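S.K.:
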Amino acid sequence: AHLCGMTLICGVMAGSILIPMDYADEEFCGIVFLPSMAIGAMLSVVPISLGQFWIEGKSSFDAIGKEIRLDALPHGMLTGALYGVAIACNIKAIIALDYATAMVLMQTQILVSGG
Numbered sequence: 008a009h010l011c012g013m014t015l016i017c018g019v020m021a022g023s024i025l026i027p028m029d030y031a032d033e034e035f036c037g038i039v040f041l042p043s044m045a046i047g048a049m050l051s052v053v054p055i056s057l058g059q060f061w062i063e064g065k066s067s068f069d070a071i072g073k074e075i076r077l078d079a080l081p082h083g084m085l086t087g088a089l090y091g092v093a094i095a096c097n098i099k100a101i102i103a104l105d106y107a108t109a110m111v112l113m114q115t116q117i118l119v120s121g122g
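Adding 7 to a residue's 1-based position in the sequence shown gives its number in this note's numbering.
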């Protein structure tokens, strides 16, 4: 049940990640929106990660510290960089096509790649 809930939250958040771009001023739309999206992602990842640890029963910072693997840091950074490139391409697709078509294409690419 925990895994299904996290999968649902991940899907909803991934599907709506660029919705705030619709409400931004015209000068902040397009690729220029990418830094503000990255800042929002960094601010939201901490409470989401802490919530996941809490659900798993690790509520102290000592217990959480034992779970952090610094050897995974380069892989996580590479994944984040690739995700940034994918979002930039998705923003260009939204401008060229429309939001619904671009998001369906992106979700299909994630499904096909096994992500």
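Cβ coordinates follow ideal geometry from the N, Cα and C atoms, glycine included.
Values in this document were obtained by computation on a predicted structure and should not be read as measured data.
Grab me the residues of I38's own chain with a C-beta within less than 7 Å of its C-beta, minus the 5 sequence neighbours each way, in chain order.
M.R.: Taking the first residue of the sequence shown as 1, we reach residue 38 at position 31. Excluding sequence neighbours, I38 sits near A95 and I98.
S.K.: Output yes or no for whether 8 Å exceeds the beta carbon distance between A100 and A107.
M.R.: Taking the first residue of the sequence shown as 1, we reach residue 100 at position 93. Taking the first residue of the sequence shown as 1, we reach residue 107 at position 100. Going by C-beta atoms, A100 is not nearer than 8 Å to A107.
S.K.: Could you tell me the boundaries of the alpha helix (DSSP H) in which K99 lies?
M.R.: By 1-based counting over the sequence shown, the position of residue 99 is 92. Where K99 is concerned, the enclosing alpha helix (DSSP H) stretches over L80 to A103.
S.K.: In terms of residues, what are the limits of the alpha helix (DSSP H) holding F35?
M.R.: Position 28 of the sequence shown, counting from 1, holds the residue named residue 35. Element bounds for F35: n/a, residue is neither H nor E.
S.K.: Under 8 Å between the Cβ atoms of E48 and F40?
M.R.: Here residue 48 is taken as the residue at index 41 of the sequence shown, counted from 1. Here residue 40 is taken as the residue at index 33 of the sequence shown, counted from 1. The question names Glu, yet the displayed sequence has Ala at residue 48. Going by C-beta atoms, A48 is not nearer than 8 Å to F40.
S.K.: Output the distance between the C-alpha atoms of I71 and A103, rounded to the nearest integer angstrom.
M.R.: Mapped onto the sequence shown, residue 71 falls at position 64. Mapped onto the sequence shown, residue 103 falls at position 96. Each residue's alpha carbon lies about 43 Å from the other.
S.K.: What's the C-alpha gap between G64 and I55?
M.R.: Within the sequence shown, the letter at position 57 stands for residue 64. Within the sequence shown, the letter at position 48 stands for residue 55. In a straight line, the C-alpha of G64 is about 14 Å away from that of I55.
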